[in-house]
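Residue numbers (the numbering used here), protein chains in the order written: chain X, 2 to 357; chain G, 2 to 357.
Beta carbons are placed, not taken as given, at the ideal position from N, Cα and C, and that holds for glycine.
What you are looking at is a predicted structure, and each value in this text was computed from that prediction instead of being measured.
Notes for the one structure printed next.
Number of protein chains: 2
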Amino acid sequence: MNAILEAQTTATAPLFLRALNGENTRTAPIWIMRQAGRYLPEYMALKARSSFWEMVRSPELTAEVTLQPIRRFGLDAAIVFSDIMTPLPPMGVKIEFNPGPIIENPIRTKTQIDALRIPEEGEIAPFLEQAISLIRSELSSSDTPLIGFGGAPLTLATYLIQGSNSKDYEEFRAFLRLEPAATHALLEKLTEVSIRYLRAQVKAGAQAIQLFDSWAGLHDELTYREFALPYNRKVLAALEDLNVPRIYLAIGCSHLYPVIAQLPAEAFSVDWRLPLNTIRPIFGTRTLQGNLDPSVLLASKDTITLEATRVLKSGLGGAHVFNLGHGISRFTNPDHVAHLVEVVRDFDRHEIQNLM
Amino acid sequence: MNAILEAQTTATAPLFLRALNGENTRTAPIWIMRQAGRYLPEYMALKARSSFWEMVRSPELTAEVTLQPIRRFGLDAAIVFSDIMTPLPPMGVKIEFNPGPIIENPIRTKTQIDALRIPEEGEIAPFLEQAISLIRSELSSSDTPLIGFGGAPLTLATYLIQGSNSKDYEEFRAFLRLEPAATHALLEKLTEVSIRYLRAQVKAGAQAIQLFDSWAGLHDELTYREFALPYNRKVLAALEDLNVPRIYLAIGCSHLYPVIAQLPAEAFSVDWRLPLNTIRPIFGTRTLQGNLDPSVLLASKDTITLEATRVLKSGLGGAHVFNLGHGISRFTNPDHVAHLVEVVRDFDRHEIQNLM
């Protein structure tokens with residue numbers, strides 16, 4: 002990017018989008034995975050009156066919950082309040098939350114896979130599209146960008162086949178070995194629905210997309226190459242023409258980064274297991290997002306300062322979006338989040354880079 | 002080792018112990034994590050009549066269960082049937098199994114830690130010592146070596162503080178950040194008890210020791226260096242004079258191998274996430290144990306042959322003990338285990354190495 006173009010971008014685009022587009026910004030933008038959630042008393046107040054699906058399916062409630070952490074902390078991005086399971090009921094899958102997802106009839110046969118519907122783009126989550134419009138108009142004054150998101154096909158398949166949260170998703174890993182053709186048929190359908198679901202969010206106003214591949218790290222490289230890579234590539238490539246930055250999230254995937262780096266995404270969200278300066282060379286000039294261990298927020302403010310500064314220093318030398326390595330714990334004190342935001346805002350990346 | 006010595010060792014020592022001591026054996030010895038367990042009908046028959054603690058605390062039942070998979074498959078090593086929780090009740094901790102461990106009063110205060118007893122060596126598990134004698138005399142005709150084992154201090158602390166199985170052990174990770182001094186005090190006590198517990202097993206007749214650090218992979222390198230490395234080193238070093246090979250097991254630790262390689266152990270048991278030929282250079286000339294994905298045993302025999310052969314080839318170029326990357330699934334068909342043993346026995350490592 003030449004100097005004049007860079008100056009224009011700097012003047013007009015929000016910090017978060019500039020960092021996603023590869024700019025080595027002076028301050029790292031910050032948002033927090035699961036920032037609208039159970040650690041906030043204002044969220045619990047709403048949660049006491051509505052079920053999870055009621056909150057997700059009411060555009061007004063979704064907007065309210067999405068905006069709560071923005072009002073409280075002035076974060077650099079909002080993420081629409083939803084769940085990676087949201088596009089599955091229109092496919093014909095019954096899901097309850099208790100509090101993790103419970104699939105009424107886990108998918109275990111080719112017949113069940115054949116029976117899954119592929120809904121039209123506008124049919125998947127019209128309530129979410131309305132919520133996105135509402136949130137965008139509320140955010141227009143502060144110019145805070147809004148993130149849309151979805152689950153990666155393999156991670157969605159993991160839940161559909163296992164049926165609920167699990168330590169090591171043994172039922173799923175067995176199915177994948179026993180029925181590779183059926184697994185691929187399921188992944189094809191989930192890929193198509195994910196594309197429609199994410200495109201609908203961007204058209205409704207989402208300014209960035211995050212693809213959550215929360216369970217990819219269960220697998221070795223060959224398995225990831227066969228059952229994850231082609232589908233992730235297809236989903237991310239199908240968003241290319243919409244011209245929004247794409248973030249791919251992987252947890253417990255230290256052993257897969259060189260393969261993950263092949264994906265067409267502008268940014269990669271990584272967990273806390275490796276420092277950012279070890280990870281950065283693998284992803285070249287693309288943006289890294291992360292990677293404070295969420296358990297640090299449960300410690301003292303001094304520990305938070307120390308550990309967040311360590312992450313910030315490790316993120317120098319390229320574009321960095323500050324975040325946790327995984328979702329925030331519900332036991333987190335909101336004051337600790339406010340403190341973290343201050344630490345990140347006070348850290349002048351250019352000045353400290355020059356000193357090093 | 003010179004040729005005459007090698008010939009003597011070859012003539013006298015069982016395959017498993019030769020491989021643990023660094024010999025690049027012609028056949029890879031094989032045993033299977035959780036080989037005495039719920040996938041075996043003969044185990045379920047005993048389990049129907051006795052609780053888990055009854056089985057662990059009766060030397061006769063322990064011996065019977067330990068020997069079941071040896072009789073059925075002729076594996077290259079037996080591992081004494083027990084649980085990493087076994088040394089904790091003598092410290093004053095109440096534990097039930099349902100089926101995972103449930104700690105009656107999870108450790109959350111320094112007062113609770115101070116109250117933990119450090120029992121004498123002979124007091125921790127006399128029933129286990131008796132079981133080991135019984136098993137050794139039963140195994141003497143086949144010359145099958147017997148493995149003793151224990152949990153690594155950090156992994157034991159993970160359960161003691163969390164209180165039960167968990168997806169990400171958030172309570173534990175919070176405690177470790179909030180109360181680092183108390184965590185160290187707990188780890189010190191667990192280290193001392195582990196040393197006594199493992200020494201008692203070796204003195205009773207265990208011919209190798211495996212230290213299970215099942216949850217080490219939750220942590221980044223700095224956290225591992227502070228809360229795991231020094232205690233693991235102390236436990237393993239304290240067994241040095243007993244002259245039995247020491248195996249250190251880590252799961253989900255791809256990012257920690259260079260630090261783990263600093264431990265004084267003869268062998269390292271690794272999960273399926275990285276191929277053995279990628280891992281081997283990190284551990285130099287020491288033995289690798291692993292690393293078939295347990296879910297492969299749930300697939301067809303053809304898939305088992307294919308994937309086991311891949312692991313065997315990847316393990317060439319150094320000492321290799323064949324095993325799974327983690328415990329066998331209770332849904333495994335025992336015939337599949339028999340097939341796996343055949344595949345491993347038929348694989349001539351020297352011949353195939355020469356062809357490559």
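Asked	Found
Interface residues of the region 91-124 of chain G facing chain X [CB-CB below 8 Å]	none
The region 253-267 of chain X / the region 285-297 of chain G touching (three or more Cβ pairs under 8 Å)	no
Residues that X:H256 contacts on chain G, provided the C-beta gap is smaller than 7 Å	S255, R274, L275
Straight-line Cα distance separating X:F213 from X:F150	7 Å
Beta-carbon proximity check, G:Q211 vs G:L250, cutoff 7 Å	yes
Member of X:D169, X:V194, X:A205, X:I196 whose CA lies at the smallest distance from the CA of X:H220	X:D169
Neighbourhood of G:P60 by C-beta, 7 Å cutoff - its chain only, sequence neighbours within 5 removed	F128, Q131, A132, L135
Nonlocal neighbours in the same chain, by C-beta distance under 7 Å from G:I283, ignoring five residues either side	Y258, P259, A262
Through-space distance from X:L161 to G:M84, alpha-carbon basis	This sequence places Asp at residue 84 of chain G; Met is not what is there. Approximately 32 Å, taken between the alpha carbons.
Given X:I114 as reference, the closest of X:V322, X:Q354, X:P181, X:N334 once Cα atoms are compared	X:P181
With 16 other Cβ atoms within 10 Å as the buried cut-off, status of G:A116	exposed
G:T224 in three-state terms, based on DSSP	helix
Contact with chain G by X:R35, beta-carbon distance below 7 Å	no
Partners in chain G for X:K168, counting only beta-carbon separations shorter than 8 Å	N166, K168
Secondary structure of G:N166, DSSP reduced to three states	coil
N- and C-terminal bounds of the beta strand (DSSP E) containing G:S330	Neither: G:S330 is in no beta strand (DSSP E) and is coded neither H nor E.
Buried versus exposed, by CB contacts within 10 Å (16 or more), X:M45	exposed
CB contact check: X:L325 to chain G, cutoff 7 Å	no
Local conformation of X:G326 per DSSP, three classes	coil
Neighbourhood of G:I196 by C-beta, 8 Å cutoff - its chain only, sequence neighbours within 5 removed	K235, V236, A239, L240
Endpoints, alpha helix (DSSP H) assigned at G:D214	G:D214 -> not in any alpha helix (DSSP H); beta strand (DSSP E) instead, spanning 209-214.
With 16 other Cβ atoms within 10 Å as the buried cut-off, status of X:H327	buried
Beta-carbon proximity check, X:I108 vs X:V194, cutoff 7 Å	no
Cβ neighbours of X:V81 in the same chain (closer than 8 Å, five flanking residues each side left out)	T63, T67, L129, A132, I133, I136, L147, I148, G149, F150, Q202, A207
X:Y258: CB within 6 Å of a non-hydrogen atom of the ligand MN	The ligand MN is not among the ligands present in this structure, which contains no ligands whatsoever.
Test: X:H185 CB closer than 7 Å to a CB of chain G	no
N- and C-terminal bounds of the beta strand (DSSP E) containing X:N292	288-293
Beta strand (DSSP E) segment containing X:S270, residue limits	268-270
X:F323 beta carbon less than 7 Å from that of X:I31	yes
Enclosing alpha helix (DSSP H) for G:Y258 [first to last residue]	258-261
Three-way DSSP call (helix, strand, coil) for G:F176 in this model	helix
CB of X:P246 within 7 Å of CB of X:A209, strictly	yes
Whether G:T288 touches G:A20 by CB criterion (7 Å)	yes
Helix, strand or coil at G:F150 [DSSP, three-state]	strand
Beta-carbon separation (whole angstroms), G:Y198 vs G:P88, contact threshold 8 Å	4 Å
Reference G:I305, options G:V342, G:L277, G:P90, G:E55, closest by Cα	G:V342
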